[in-house]
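Per this note's numbering, the sequence shown runs over residues 3 to 753. Have a look at the structure below before the remarks.
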Amino acid sequence: MKRQNVIRIWCFCFHFVLLFTMSYSSDYLAPQTDFRADPFFMEELPGINEIPELAELNSVQINRLFFEGHHFEFNPFDEKDEYLKKYLYSPGLAGLCYTVTRSHLAEYQKLFASGQIETGHVFTYVRDQLKLVPEAKKLAKRLHAIMDGPGTPMDRWNRLYLYLRRLQIAILQIPPWVIKCGLVYYIYPSSFAYRGEKPPYWDHTPSDFVDFPSERIQNEAIRQYADAIQNKNSRANFLYNYFSRQGGTLEGLQDRIPYIRSLAPHAGTIALYLTPIFRSLGVHGYDTIDYFSIRPDLGNMDSYHEMLETAHSSDMRIILDLSITHTSTEFFAYQNLREKGIHSPCRDWYVSPEFDESGNLVKCQGWYGISHCPLLNFKNPEVKKYFLGEWDPDKTKEEQNDEWKKWVSALSGKEGKNNLRKLIENEEEFARAIKILGVVGFWTCTGMDGWRLDTPRDLNDLSFWYDFRRLVKMINPECYLVGETSHRWWANVTDGTMNYELKKMVYDFVLGLSPSRKTTMEVGEIEKEETHAEEFMRRLQDYFRDYPLPALRAKMNIMGGHDTARLIDACGGDLFAMRRVLFLTRLMPGIFTIYYGEEKGMKGSSDPSNRLCMQEETDPQIFHLYQWALSLGVDHEEAIQSAHLKKLYGKDKACVFMRWGKEDKIVAGVNNSDQDIRMDIPLAQIGDKDTKLYDETGEEVKIAEGNVPIIIPAGEIIFISTKQMKKSSELKQLTTGSHSAGMTLEVNTSS
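Here is the structure:
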């Protein structure tokens with residue numbers, strides 16, 4: 003009897019522990035401890051040929067499998083959900099990912115109800131059977147095998163999730179050069195560099211435009227509007243953004259390529275991201291007049307090609323900005339609509355056009371209500387064709403029509419520049435070529451290396467982006483696609499995103515911004531709220547779990563930009579805070595991104611001060627900070643670009659964590675408080691008893707009784723590595739002036 007009671011008690015305890023463990027699982031699809039155990043999370047990208055279920059499919063079949071269908075967030079067990087109704091039988095991988103069969107429905111309803119499967123993740127419940135394209139039978143069989151495999155429902159779900167995430171990356175095939183890119187240098191071309199004599203307004207400030215001479219404005223209505231603005235700052239901003247051509251050119255940019263390369267000589271490939279260069283109404287370039295010509299003040303096709311050639315010869319890539327959610331009111335379609343009103347053939351080119359009783363155009367829906375930026379209607383096939391040209395998405399590159407293949411071949415490769423020059427001279431032939439290729443096909447053929455998609459979620463038909471990706475990758479598989487968004491479903495369209503998600507986490511923690519803020523644009527105008535280290539580390543761990551490693555490495559890790567505060571302004575001029583932001587950003591996988599001039603100490607809190615012309619003077623303290631940050635990425639690339647992050651300490655305003663690869667381990671700490679932080683980290687959490695650690699200067703860290711003593715001074719950082727770096731003879735002690743007397747900012751300037 004006693005033996006039976008013992009057995010019963012043991013069984014009860016076993017089941018209690020099992021149930022507790024399951025209920026305690028992460029709110030995400032896979033447990034934190036085992037999430038990286040799958041081979042999918044290798045350092046190298048999986049190839050399509052490595053997955054047997056995909057190896058026999060051609061490019062069109064793979065594209066159809068993956069892109070037919072959409073990712074949306076919804077409750078998979080709520081049949082009243084509008085997205086579920088619309089996409090229940092979506093045939094693509096978007097409808098295939100996170101699929102459960104009817105026989106397992108009850109199991110997954112329980113997991114969903116318990117919170118172990120989160121609604122924020124995107125998945126589709128297919129009721130009776132997998133509805134797939136005919137070529138995916140092997141894949142359907144494989145998924146059924148996973149779902150019917152051994153283990154608990156959560157085990158099977160995790161295997162399915164990990165397998166499908168691996169498929170996702172295999173199909174996307176992020177360009178290898180992106181994964182290895184050491185720096186993105188972010189340029190506002192009109193303000194960056196000129197060739198020859200200095201432009202007359204190069205050294206201006208926003209206040210110079212308060213007394214901007216009205217006679218320089220040709221449009222009478224615009225002149226009256228500018229003069230009518232009573233607030234001088236508003237008038238200065240208006241005039242600066244819309245009527246000032248600062249004088250920067252593509253030729254000047256070409257001349258500065260050696261300077262940009264010198265910033266990171268050992269960083270491998272460097273990418274130059276240029277804000278829009280197409281002919282536009284405003285100086286910023288986001289209100290396009292003509293997508294097939296370059297803004298005359300910036301240059302022409304010859305200067306564009308020369309810039310490309312110079313960049314490529316220096317192992318640098320060019321990323322162009324594509325703003326197609328809206329145009330300017332000077333765009334040909336809007337001009338035709340304004341001229342012919344309700345009878346215009348371009349009547350359906352824009353969203354919600356309104357006409358008066360006489361059929362004259364009153365207005366179209368503007369981008370975020372801005373009337374001079376009317377929204378394009380991508381539900382109109384003619385608009386799609388204008389941008390994508392006359393190609394067949396159901397055919398391979400070899401199966402496309404002869405004329406399309408002719409123009410792609412003619413404008414690509416070594417002879418592309420000469421052929422394009424001849425083509426431009428023949429207006430009739432040029433018109434035919436751009437009609438066949440479309441905006442996207444035309445520029446992709448010219449040899450550029452990437453597209454940055456401006457506000458892509460604002461299109462009124464998001465399915466356009468799936469075809470956009472297919473076209474770009476058909477012409478150039480190495481073309482990098484990066485979206486101005488942090489939403490996860492864009493992993494199906496872009497290779498990476500502008501990493502506002504990481505920026506927000508770091509800003510919230512270091513600068514005390516509220517976690518509820520959606521952006522960090524007007525930093526000085528918001529109420530601050532402390533984000534404690536525990537919350538920061540939790541968000542960071544969630545971030546690592548949410549993305550496969552290749553997707554993390556393809557993100558542009560930005561800190562400032564042309565429509566946000568520059569980093570030094572966001573930090574209120576505090577170089578200690580600036581270094582903490584740089585440090586945390588640099589230690590995360592992704593492409594370190596510098597907005598032009600920030601390495602020199604350029605300031606600017608909002609438009610137009612954050613778009614001023616490149617200054618010649620260099621602040622040595624800030625310049626050395628960027629050198630130091632860049633050197634970290636070179637010396638410790640393996641650990642930084644890995645998928646591994648482990649919390650060692652997180653309390654109040656200080657955190658310590660570890661990053662590691664096969665050959666290198668990093669222990670990093672940040673202290674945002676005004677008090678020194680002291681702690682002991684057990685060596686066993688970092689390595690074995692023989693592990694040796696070195697500080698940033700190369701000195702060995704003394705280990706006492708199996709513990710690593712950590713001291714992080716107030717407002718400072720700490721950096722320890724298992725790799726012994728040479729003690730730099732150039733180690734600088736730079737007084738910032740923003741802290742009390744005697745405090746110094748130590749920066750390792752070795753590269």
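C-beta: ideal position from N, C-alpha, C; glycine also.
By the Cβ-count criterion, P260 is exposed, with fewer than 16 other Cβ atoms from all chains shown falling within 10 Å of its own Cβ. Distance from the Cα of E600 is smallest, within the candidate group F585, M561, E359, for M561. CA-CA distance, M303 to A228, rounds to 33 Å. Rounded to whole angstroms, the separation of the alpha carbons of D666 and H638 is 7 Å. Inter-residue distance for E701 and A670 is about 16 Å (C-alpha atoms, whole angstroms).
In this structure N221 is exposed. Its beta-carbon is surrounded by fewer than 16 other beta-carbon atoms within 10 angstroms. Here S611 is buried: its Cβ has 16 or more other Cβ atoms, across all protein chains shown, within 10 Å. In terms of Cα proximity to I372, the closest of L614, K407, T329 is T329. The beta-bridge partner set that DSSP reports for D292 consists of R281. Shown here, V495 sits in coil according to DSSP, grouped into three states, outside any helix or strand. Taking the C-beta atoms as reference points, L390 is found nearer than 8 Å to V442.
The bridge partners DSSP lists for L542 come to none. For A223, the number of other beta carbons within 10 angstroms of its own is below 16, and it is reported as exposed. Scanning the region 414-469 for uninterrupted alpha helix (DSSP H) segments of 4 residues or longer gives 418-427, 429-447, listed from N- to C-terminal end.
Residue environment analysis places A656 among the buried positions, since at least 16 neighbouring C-beta atoms fall within 10 angstroms of its C-beta. Within its own chain, the residues whose Cβ lies closer than 6 Å to the Cβ of R263, once the five positions on either side in sequence are excluded, are S316, listed in chain order. Contact annotation: M616 and S193 have beta-carbon atoms nearer than 8 Å. G184 sits close to I272, with the two beta carbons spaced by under 8 Å. In the DSSP assignment, the residues bridged to R319 are A273. By the Cβ criterion, the region 633-650 is in contact with the region 542-551, since at least three pairs of Cβ atoms, one from each stretch, lie closer than 8 Å.
Around the CB of Q677, fewer than 16 other CB atoms lie within 10 Å, so the residue is classed as exposed. The residue among E417, L483, T327, C348 with its C-alpha nearest the C-alpha of V180 is L483.
For F211, there is no enclosing alpha helix (DSSP H), as DSSP marks it with neither H nor E. Between P208 and Q248, the CB-CB gap reaches or exceeds 8 Å. For H206, the closest alpha carbon among the candidates V186, Q232, Y187, N239 is that of N239. A Cβ-Cβ contact shorter than 8 Å links V512 with N674.
The beta carbon of F625 lies closer than 8 Å to those of E601, K602, G603 in the same chain, with the five residues before and after it left out.
Comparing alpha-carbon positions, the option among G498, V672, E217 lying closest to M539 turns out to be V672. Of the candidates L473, I279, K182, the residue whose Cα lies closest to the Cα of S305 is I279. Boundaries of the alpha helix (DSSP H) around Y388: 383-390.
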